[in-house]
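Novice: This structure is in structure tokens; I'll ask about it shortly.
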Amino acid sequence: MSINHSAMKWFIILMVGRVLVAQDALFTLGEPTIVKNPGVPIYPWYPDGHISFLQDGDHHQMYWVGDITYRTLGQDVISMQKPVIAVLGKGEKGSFDNGGAWLMSVFRKNENELIGFYHAEDREFDADPTSQFISWKSIALCTSVDNGVSWTKQGQIISSSIPKPNVPTWGGNGDHCVVWDSVRSRWVCFYQEHYLMLAVSESANAEPGSWFKYYNGEFTEEGWGGKNSPIPSLMTVPGGNPSVHYNTALDRWVMIWHSWEGQSSYSKSLWLSTSEDLMNWTPPQPVLVAEEIEKYWYPTIIGESDVLAGQDAWLYYAYWPDFNNWQRQFIRRSIHFEKSVGIQAEGTDAIDGYGLEQNYPNPFNACTHIAFQLSKHEEVKLSVWNMRGEKVAELVNETLPAGRHSATFDASALASGIYCLSMTTGTFAETKKMLLIK
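Per this note's numbering, the sequence shown starts with residue 3, numbered consecutively.
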């Protein structure tokens with residue numbers, strides 16, 4: 003797929019009702035509609051991960067994911083209801099995917115050959131060999147030579163650096179999506195291990211052993227069992243199930259994901275960020291904000307495919323009106339993208355009313371000073387994180403009036419290295435890197 007990566011100014015997004023307002027772009031959400039029961043056996047839990055949707059001649063094929071993955075054909079997601087063909091399932095007893103195989107990212111190599119990346123779950127623990135719901139997760143590769151009718155598993159490509167425990171424990175890494183970076187000629191996998199992570203493979207076949215995780219600013223750790231670091235600019239909103247596509251209307255990559263419960267100002271909500279290079283992302287902004295008992299989960303934006311969209315696309319996600327009763331709804335709503343300059347919604351705060359300045363001095367030895375600005379009276383958090391995603395200091399956690407404020411960071415007890423400074427309010431988030439040299 004050939005993509006034009008033209009330059010575009012960095013922008014910040016604010017949410018106003020169903021409209022996302024930005025200095026250079028406008029995102030408009032349509033009204034939600036329920037996708038009626040498609041008859042897929044896994045429907046009560048659907049969607050349960052990233053939705054893969056790709057061109058197949060004059061129509062499309064789509065993969066409905068769960069512990070067993072189903073394939074169906076049609077013109078769009080709605081016409082693909084009632085899938086009956088299971089194409090990828092659980093592995094044998096003792097395998098890393100004995101609990102299921104969720105085929106979340108599929109790409110076409112030629113007319114008949116496809117390459118797929120699936121979320122694998124291991125539900126066998128030494129202390130409880132029959133665990134049914136708790137899983138240790140990883141990411142694996144599979145291939146097809148008959149246009150997706152059948153698949154051959156090729157093995158794990160990304161697994162956690164933490165060994166699987168003996169007792170049933172949710173962990174590992176997975177809940178991913180994969181894109182092809184045509185500028186650098188490499189695969190990029192976005193996955194979660196509480197925070198959002200990434201790994202790359204420069205092999206066209208993406209085979210096991212070719213993957214390297216992002217760690218401390220470089221891709222040096224092996225995909226299978228290596229260490230990883232969070233994507234620095236997205237650390238303020240830990241979450242999972244990222245969906246990434248290239249948007250031709252914005253000339254940028256767009257990522258949408260869900261936050262974890264209790265991990266942000268807007269937990270159980272959907273967040274969005276954009277990037278020109280898949281490495282440096284704009285500060286996360288809320289897209290759909292959950293009330294106390296609601297839950298938004300498993301988002302995918304689909305245009306021409308799940309990895310390419312234009313000005314008009316569809317946002318699909320799971321919605322729980324009350325997340326205590328597990329009655330999921332499969333929701334879709336239109337999403338409209340367009341470039342725009344100088345947009346200011348009536349009754350909203352000025353976009354330049356918020357700001358986090360670079361610490362001074364930087365680099366610094368022991369102490370540095372930080373200035374930030376609020377456009378209204380509200381709660382603000384100012385935190386410092388290391389490159390492993392661990393919070394090492396909380397400088398501010400209180401309600402402050404509008405205006406300019408400052409704080410001092412004393413790092414005398416910390417080791418030299420790169421640290422991330424994050425500022426978060428109810429409608430704004432920004433991250434800066436700081437360099438401590440002793």
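Ideal Cβ placement from N, Cα and C applies to all residues, glycine included.
As the structure is a prediction and not an experimental result, all values here were calculated from the model.
(1) Taking only the alpha-carbon atoms, compute the straight-line gap between PHE214 and HIS379 and give it to the nearest angstrom.
(2) Hey, quick one: how far does the beta strand (DSSP E) through ASP177 stretch, first residue to last?
(3) Within this structure, are the beta carbons of SER271 and GLY227 separated by less than 8 Å?
(4) Quick check on VAL23: does DSSP put it in helix, strand or coil?
(5) Considering Cα atoms alone, identify which of PRO234, ILE303, PHE221 is closest to MET425.
(6) Do MET82 and THR71 have their CB atoms nearer than 8 Å?
(7) Quick one: using the 10 Å Cβ neighbour count with 16 as the cut-off for buried, is THR401 buried or exposed?
(8) Taking buried to mean at least 16 other C-beta atoms within 10 Å of its own C-beta, is CYS369 buried or exposed?
(9) Considering only C-alpha positions, which residue in the set PHE192, PRO85, GLY96 is nearest to ILE159?
(10) Pick helix, strand or coil for SER235, following the three-state DSSP scheme.
(11) Return yes when the Cβ of LYS229 is within less than 8 Å of the Cβ of GLU220, no when it is not.
(12) Excluding the 5 residues flanking GLU396 on each side, which residues of the same chain have their C-beta closer than 6 Å to its C-beta?
(13) Report back the beta-carbon spacing between THR302 and ILE53 to the nearest angstrom; my notes put them in contact at under 8 Å.
(14) In angstroms, rounded to a whole number, what distance separates the CA positions of SER212 and VAL246?
(15) Can you check which of these residues, ARG125, PRO167, SER418, TRP283, is closest to LEU200 by C-alpha distance?
(16) Does DSSP classify SER81 as helix, strand or coil?
(17) Check whether the segment 116-123 touches the segment 171-183, taking contact to mean three or more Cβ pairs, one atom from each stretch, closer than 8 Å.
(18) Taking the C-alpha atoms as reference points, what is the distance between GLY102 and THR35?
(19) Name the DSSP bridge partner or partners of GLY173?
(20) Suppose the cutoff is 7 Å on Cβ atoms and the five residues either side in sequence are ignored; what does the same chain contact list for ILE117 look like?
(21) Skipping 5 residues on each side, what residues in its chain have a beta carbon closer than 6 Å to that of ASN149?
(22) Are ILE141 and PHE119 touching if we call contact CB-CB under 8 Å?
(23) Here's the rule: buried if 16 or more other CB atoms are within 10 angstroms of the residue's CB, otherwise exposed. What is GLN63?
(24) Quick check on GLU195: buried or exposed, where buried means 16 or more other Cβ atoms within 10 Å of its Cβ?
(25) Which residues does DSSP list as the beta-bridge partners of ASN243?
(26) For GLY355, does the three-state DSSP call read helix, strand or coil?
(27) Can you tell me whether ILE372 is buried or exposed? The criterion is at least 16 other CB atoms within 10 Å of its CB, across all chains shown.
(28) Using the Cα positions of ILE258 and TYR216, report the straight-line distance between them to the nearest angstrom.
(29) Using the C-alpha atoms, what's the distance from GLY419 back to GLY76?
(30) According to DSSP, what are the bridge partners of ALA315?
(31) Using the C-alpha atoms, what's the distance from PRO288 back to GLN57?
(32) Measure the C-alpha to C-alpha separation of ILE439 and ASP78 and round it to an integer number of angstroms.
(33) Which value, in whole angstroms, describes the spacing of the CA atoms of ALA417 and GLN313?
(34) Hey, quick one: how far does the beta strand (DSSP E) through ASP412 stretch, first residue to last?
(35) If you follow the beta strand (DSSP E) that VAL202 is in, where does it begin and where does it stop?
(36) For GLU204, I'd like the list of residues in its chain whose CB is within less than 6 Å of its CB, leaving aside the five on either flank, ordered along the chain.
Specialist: Once the coordinates are examined:
(1) Their Cα atoms are separated by approximately 44 Å.
(2) 176-183
(3) no
(4) Residue placement at VAL23 is poorly supported in this model, since its pLDDT is 41, which falls under 50; the coordinates still yield a value, given next. VAL23 falls in the strand class under three-state DSSP.
(5) Selected option, being the one with the closest Cα: PRO234.
(6) no
(7) exposed
(8) exposed
(9) Closest by alpha carbon: PHE192.
(10) helix
(11) Cβ atoms of GLU220 and LYS229: not closer than 8 Å.
(12) Residues SER385 of the same chain have their beta carbon placed closer than 6 Å to that of GLU396, with the five preceding and five following residues left out of the count.
(13) 4 Å
(14) 21 Å
(15) TRP283
(16) helix
(17) yes
(18) 29 Å
(19) TRP138
(20) So the qualifying residues of the chain are PHE109, LYS111, THR145, ALA208.
(21) Cβ-Cβ distances below 6 Å link ASN149 to ASN114 in the same chain, with the five nearest sequence neighbours on each side left out; the list follows chain order.
(22) Closer than 8 Å, so yes.
(23) buried
(24) buried
(25) According to DSSP, ASN243 bridges with nothing at all.
(26) helix
(27) buried
(28) 20 Å
(29) 52 Å
(30) According to DSSP, which records beta bridges pairwise, ALA315 is partnered with ILE337.
(31) 30 Å
(32) 55 Å
(33) Answer to the nearest angstrom: the Cα atoms are 47 Å apart.
(34) DSSP places ASP412 inside the beta strand (DSSP E), whose first and last residues are 405-412.
(35) For VAL202, the enclosing beta strand (DSSP E) begins and ends at 197-203.
(36) ARG188
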